[in-house]
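Undergrad: Below are the structure tokens for one structure; questions will follow.
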Amino acid sequence: MMKDFARIYIMGKEYQVPRHLTILQAIEHAGFLFVRGCGCRGGFCGACATVYRMRDSYKLKVALACQTKIEDGMYLAQIPFYPGNKAEHNIASLTPTTETLCMLYPEIMRCISCGSCSKVCPQDIKVMDYINAAIRGDYKKVVELSFDCIMCGLCATRCPAEIVHYYVALAARRIYGAHIMKKAPHLDKRLQEMKEKKFDPELEKLMRSSVEDLKKLYASRDIEP
Ligand code: FES
0 MMKDFARIYI
10 MGKEYQVPRH
20 LTILQAIEHA
30 GFLFVRGCGC
40 RGGFCGACAT
50 VYRMRDSYKL
60 KVALACQTKI
70 EDGMYLAQIP
80 FYPGNKAEHN
90 IASLTPTTET
100 LCMLYPEIMR
110 CISCGSCSKV
120 CPQDIKVMDY
130 INAAIRGDYK
140 KVVELSFDCI
150 MCGLCATRCP
160 AEIVHYYVAL
170 AARRIYGAHI
180 MKKAPHLDKR
190 LQEMKEKKFD
200 PELEKLMRSS
210 VEDLKKLYAS
220 RDIEP
């Protein structure tokens with residue numbers, strides 16, 4: 000095999016692909032068209048969760064396909080969708096009590112603290128710790144620990160208690176934002192200005208502009224240092 004190529008296996012079939020590719024690019028190079036399992040390509044959307052192992056190893060590893068370079072001997076399988084349970088709730092009528100998260104997601108009480116969720120997280124998030132914080136009703140801790148979650152869903156695939164961790168964290172962040180976090184006065188001011196249609200003339204002007212004018216405007220905007 001040429002030294003610039005690596006041998007990988009996609010859904011059990013062997014392919015030889017250029018070594019410099021990411022897993023995502025390698026799968027496309029092999030001829031697959033992504034309908035699911037690919038989104039931003041920048042490590043932000045969590046759509047490209049991938050499970051793999053190396054030839055001659057029993058260990059299952061995980062990665063974001065858009066962020067991980069291929070290696071010779073990778074056996075790859077993508078997890079394009081995981082059917083996790085998402086509790087329905089009306090954020091305005093919820094109160095941030097100790098019981099609220101347990102009421103929405105009673106399965107968190109079945110956590111056996113095995114740590115599989117933290118171990119599998121490609122973002123190195125302390126998932127088990129934020130589930131324990133959710134059980135205690137410590138919203139601030141859940142928010143802080145889950146901040147980098149991109150909802151790839153890998154934690155839920157490994158949980159023996161069938162918790163869908165990222166939805167628990169999402170509910171905690173929403174409740175925290177709606178009921179606990181201090182309101183930002185400048186946001187209220189801006190919302191009021193929008194209600195009063197302060198920016199409508201400017202927006203209408205933009206809508207009437209040509210693409211060339213919009214490009215010039217974009218290039219000459221004030222950029223934060
Ligand atoms: S495609 Fe969005 S995180 Fe990989």
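One point on numbering: in numbering that gives the first Met the number 0, the residue at position 99 of the sequence shown is 98, and numbering is uninterrupted. Ideal placement from N, C-alpha and C gives every residue a C-beta, glycine not left out.
#1: Is Leu23 closer than 8 Å to Cys47 when the C-beta atoms are compared?
#2: Should Arg157 be listed as close to the ligand FES, given that the test is whether its C-beta is under 7 Å from any heavy atom?
#3: Please give the ranges of any alpha helix (DSSP H) in the region 117-151, keeping only runs that are unbroken, at least 4 residues long and fully inside the region.
#4: For Lys60 and Lys181, I'd like the C-alpha separation in whole angstroms.
#5: Can you find the residues in the same chain that come closer than 6 Å, C-beta to C-beta, to Ile162, ignoring five residues on each side of it along the sequence?
#6: Is the CB of Cys154 under 8 Å away from at least one CB in chain D?
#7: Shortest alpha-carbon distance to Cys120 belongs to which of Leu75, Ala62, Glu192 and Asp187?
#8: Where do the N-terminal and C-terminal ends of the beta strand (DSSP E) with Thr49 fall, by residue?
#9: Can the beta-carbon of Gly42 be found closer than 8 Å to that of Leu100?
#10: As a quick exercise: from Cys65, Leu75, Ala64 and Gly36, pick the residue whose alpha carbon is nearest that of Met53.
#11: Name the one or two DSSP bridge partners that Ile9 has.
#12: For my contact list, Pro17 and Phe31 are in at a C-beta cut-off of 8 Å; report their separation, rounded to the angstrom.
TA: Let me spell this out:
#1: yes
#2: no
#3: Every alpha helix (DSSP H) of 4 residues or more that sits fully in the region 117-151 is shown, in chain order, as 126-135 and 138-145.
#4: 40 Å
#5: Glu106 and Ile107
#6: Within the model displayed, chain D is absent; a lone protein chain is all it includes.
#7: Ala62
#8: Ala48 to Met53
#9: The Cβ atoms of Gly42 and Leu100 do not sit closer than 8 Å to each other.
#10: Leu75
#11: The partner list for Ile9 (beta bridge, DSSP) reads Lys12 and Leu75.
#12: So it is not a contact: roughly 16 Å between Cβ atoms.
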